[in-house]
Amino acid sequence: MNFYGIEIDYDLYKHFLEFLTDGEIDALFKAITTPPPRYYVRVNTSRISANELVRRLNARGVPAYRDEHIEEAIWLPVQGPFRVPTARKIVVVDKKAAESVMVGADVYAPGVIKTERVEVGDEVNVVADNGVVVAFGVAVANSDEVLKTRRGLFIKVEKSLYKAPKIRDLPEYAEGLIYSQSLPAIAVGHVAKRLGVEKAVDLNAAPGGKCTHLAQLGMRVFAVDRSWSKISRLREELKRLGLEAQVDVLLHDSRYLDRDFPRLRAGLALVDPPCTDIGVRPKIYHRVTYKAAKTLAQYQLQFLKTALKIADYVIYSTCTLTYVENEEVVLKSRAQTLHLDLPIGAPGWGCETCRRFLPHIHNTPGFFLALLSKG
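Below is the structure:
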């Protein structure tokens, strides 16, 4: 079944129908194909206050606003949709690149799938690999060189479907004052702050959004991930944010932390495991089956059970929307769910103390959040 380019099989459709009407499913998937109207960043409060950062951005003509509920969160408006001008030449990019370009990012060589012969100064349309035109731009490099080296900037985007702030271009980014992060993800740190713990373990730490949030709040964090490339990126973020001293980084499969580090204990563990990513937006297209969700749920439960062995509290979160990967995983863990005291989002499906963020209702990415204890 196809909803605006989001393909799910019939079994997954029936799974959603247990909790949503057909119209709600349609609205949810339509929302996923567009960016949220607010682009959120987390303020690195170890270096600057949210008020001071907003004042600094506004003084330079960058519109920025404090979030109504979370102290470390500020947002910048996303504009669009716009009409994309037509060009004579096209450059085809992969899904990940297209989803960035549609909100105003430039085209870099690694994301290019194929291109017509393009010279510096040529006008082009940037097209996703499913044929959706996402932007109009001008080449700043020759296509022959780009395809040969696979490095550097290729197309400077001048008009995209939407326009989001280019956070990485801001001096505040280079100074380590901000971290690009969705509001629901920032809420994880907001919940953690209220627990009053001193030490935390992040079982799925890269690229570092949640563990750096805990670190800036003064917690000592043991950050674990099994991918060397992800660990390298995490270290870069820690250095940029000036939080290296607060975080110990380990390359390891965190499902086995309790076995391999039997003395490891913490007041809090974060579990944000691989999932079907249905809540991430904007999406050019996406394909998910019920079987894939069930398989991932088994994997997610392994992380969660380990976390419950080493920490007093566990925050479980995902960027997906299936019941089987969220409330059902929490239920199977046999942990006690605690009240989040979170003023945003909505109660979980059959779990009043859990929290869900639904794109078509809350204008955020899709997200799930639960606070657990051993009981």
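Take 1 as the starting number for the sequence shown in the UniProt record's numbering and just add one per residue. For each residue, glycine too, the CB sits at the ideal point set by N, CA and C. If you're wondering where the values come from, they're calculated on a predicted model, not measured in any experiment.
So what's HIS339 in DSSP terms, helix, strand or just coil? Three-state DSSP puts HIS339 in coil, outside helix and strand.
Can you give the Cα-Cα distance for ILE284 and ASP169, rounded to whole angstroms? Taking the straight line joining both Cα atoms gives about 24 Å.
Taking the DSSP output, what are the residues bridged to VAL133? VAL127
By how many angstroms is the C-alpha of GLY176 removed from the C-alpha of VAL314? 28 Å
Pull up the distance between the alpha-carbon of TYR13 and that of VAL330, whole angstroms please. 22 Å
Which residues does DSSP pair with ASN2 in a beta bridge? GLU7
Exposed or buried, which one is TYR10 when buried takes at least 16 other CB atoms within 10 Å? exposed
Excluding five sequence neighbours on each side, which residues of the same chain lie with their C-beta closer than 7 Å to the C-beta of ASP94? Cβ-Cβ distances below 7 Å link ASP94 to GLY111, ILE113, ASP129 in the same chain, with the five nearest sequence neighbours on each side left out; the list follows chain order.
Alpha carbon to alpha carbon, what distance is there between PRO274 and TYR299? Rounded to the nearest whole angstrom, the CA to CA distance from TYR299 to PRO274 is 8 Å.
By how many angstroms is the C-alpha of ARG88 removed from the C-alpha of GLY350? 53 Å
Delimiting residues of the beta strand (DSSP E) encompassing PRO37: That residue, PRO37, is in no beta strand (DSSP E); it is neither H nor E in DSSP.
Report back the beta-carbon spacing between VAL107 and GLY131 to the nearest angstrom; my notes put them in contact at under 8 Å. So it is not a contact: roughly 17 Å between Cβ atoms.
Just grab the DSSP bridge partners of GLY348 for me. CYS351
Straight-line CA distance for PHE367 to PRO63? 26 Å
Short Cβ contact (8 Å threshold) for VAL101 with VAL157: yes
Helix, strand or coil: how does DSSP classify GLU283 here? Sequence check: residue 283 is Lys here, not Glu. Coil at LYS283, not helix or strand.
To the nearest angstrom, report how far apart ILE186 and PRO85 are at their CA atoms. 36 Å
What are the uninterrupted segments assigned as beta strand (DSSP E) that are 3 or more residues long and contained completely in the region 153–221, given in chain order? 153–160, 178–180, 199–202
Please return the same chain residues whose Cβ sits closer than 7 Å to the Cβ of VAL41, not counting the five positions on each side in sequence. ILE74, ILE167, ILE178, TYR179, SER180, GLN181
What's the call for GLN336, buried or exposed, on a 16-neighbour Cβ count within 10 Å? Exposed, by the Cβ-count rule.
Other residues of its chain near ALA109: CB distance less than 6 Å, five sequence neighbours each side excluded: Contacts found: VAL146, ARG150, ARG151, GLY152, PHE154.
CA-CA distance, ASP248 and GLU7? 40 Å
Taking DSSP as the reference, what is the three-state secondary structure of SER49? coil
I'd like to check one pair, PRO165 with THR364: are the Cβ atoms closer than 8 Å? no
Rounded to a whole number of angstroms, what is the C-alpha to C-alpha distance between ILE32 and GLU198? 37 Å
Of the listed residues PRO359, HIS360, LEU358, GLU327, nearest to ILE372 (C-alpha basis): Sequence inspection shows Leu at residue 372; the Ile mentioned does not correspond to that position. Of the candidates PRO359, HIS360, LEU358, GLU327, the one whose C-alpha sits nearest the C-alpha of LEU372 is GLU327.
Output yes or no for whether 8 Å exceeds the beta carbon distance between ALA370 and TYR316. yes
Among LEU203, ILE344, ARG281, ILE48, which has the Cα closest to the Cα of SER227? LEU203
Candidates ARG355, ARG60, LEU257: closest to LEU321 by CA position: ARG355
For TYR256, is the classification buried or exposed, using 16 other Cβ atoms within 10 angstroms of its Cβ as the cut-off for buried? exposed
Counting only the same chain and skipping the five closest in sequence on each side, list residues whose C-beta sits under 6 Å from that of LEU301. VAL329, LYS332
Exposed or buried, what is HIS69 when buried is set at 16 or more other beta-carbons lying within 10 Å of its beta-carbon? Around the C-beta of HIS69, fewer than 16 other C-beta atoms lie within 10 Å, and the residue is accordingly described as exposed.
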